[in-house]
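Step one of this worksheet: look at the structure below.
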Amino acid sequence: MAKTKTRYVCQNCGRVTPAFMGRCPQCGEFGTM
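In terms of this note's numbering, the numbers along the sequence shown are unbroken and rise by one, the last being 34.
Okay, structure coming up:
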């Protein structure tokens, strides 16, 4: 079976990152991941 990976999506711009970030690297908003 494939290993599942967690993805975090910014609620403001939709940017997807593999790790949690306090601030979105694309739009710069805090707390939207």
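Built from N, CA and C at the ideal position, the CB exists for glycine as well.
Query                                                                                                                                 : Result
In angstroms with no decimal places, state the Cα-to-Cα distance between Thr5 and Pro19.                                              : 11 Å
Just verifying my parser: in three-state terms, what is the DSSP assignment at Thr18?                                                 : strand
Run the CB neighbour count on Cys14, radius 10 Å, all protein chains shown included, and call it buried at 16 or more, exposed below. : exposed
According to the Cβ coordinates, are Arg24 and Val17 closer than 7 Å?                                                                 : no
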